[in-house]
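Below is one structure, written out as structure tokens; comments come after it.
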């Protein structure tokens with residue numbers, strides 16, 4: 206199939222679901238200007254959704270505890286540091302760093318990269334337990 210880059214998110218629809226107390230489950234499928242279905246990167250889709258709806262935080266789940274440098278988790282990065290380090294890391298984590306920086310560029314305050322295989326992965330990440338947090342400063 207075709208792939209594409211996100212240009213627009215229907216944030217008003219997503220916000221209306223959130224106001225109703227619903228949790229939207231969003232597939233990274235997009236529609237082109239020619240009405241063709243496109244597959245987009247899930248991490249980047251999450252970044253764009255978070256930025257478009259005005260979220261303070263975005264969480265990227267993976268199978269490791271966060272960005273690893275010399276086999277150790279990097280607990281914190283600034284936006285500038287994340288942009289500088291991105292070209293120097295492997296392709297899987299590079300996409301998560303890219304999505305994190307895009308989210309912060311769109312107004313999100315914190316991006317978390319965390320292990321989804323541990324117990325309570327969401328609350329562990331939000332409490333900054335053994336994950337990578339990217340912030341503006």
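In the numbering used here, the protein residues as written are 206 to 342. Glycine included, C-beta positions come from ideal geometry on N, C-alpha and C.
{"Asked": "Cut-off 7 Å between Cβ atoms - residues of its own chain near residue 327, not counting five sequence neighbours on either side", "Found": "264"}
{"Asked": "Beta strand (DSSP E) segment containing residue 263, residue limits", "Found": "262–267"}
{"Asked": "Reduced DSSP secondary structure (H/G/I, E/B, other) of residue 239", "Found": "coil"}
{"Asked": "CA-to-CA distance, residue 217 to residue 226, given in whole angstroms", "Found": "14 Å"}
{"Asked": "Residue 208 burial status per 10 Å Cβ neighbour count (16 or more: buried)", "Found": "exposed"}
{"Asked": "Spatial distance of residue 281 from residue 223 (CA atoms)", "Found": "29 Å"}
{"Asked": "Sequence-distant residues of the same chain with beta carbon closer than 6 Å to residue 229, five excluded per side", "Found": "219, 222"}
{"Asked": "Neighbourhood of residue 279 by C-beta distance below 6 Å, restricted to the same chain and skipping five residues each side", "Found": "272, 337"}
{"Asked": "Top-ranked residue by Cα proximity to residue 342, from 250, 284, 268", "Found": "284"}
{"Asked": "Residues that residue 319 bridges to, as DSSP identifies them", "Found": "266"}
{"Asked": "Integer-rounded CB distance, given that residue 312 should sit under 8 Å from residue 358", "Found": "The requested residue 358 does not occur in the structure, where the chain is confined to residues 206 to 342."}
{"Asked": "Integer Cβ distance of residue 231 from residue 255, believed to fall under 8 Å", "Found": "The Cβ separation is near 11 Å, so there is no contact."}
{"Asked": "Among 266, 292, 233, 289, the one whose alpha carbon lies nearest that of residue 335", "Found": "266"}
{"Asked": "Residue 344, DSSP secondary structure in three states", "Found": "In the structure as shown, the chain begins at 206 and stops at 342. Residue 344 is therefore absent and cannot be evaluated."}
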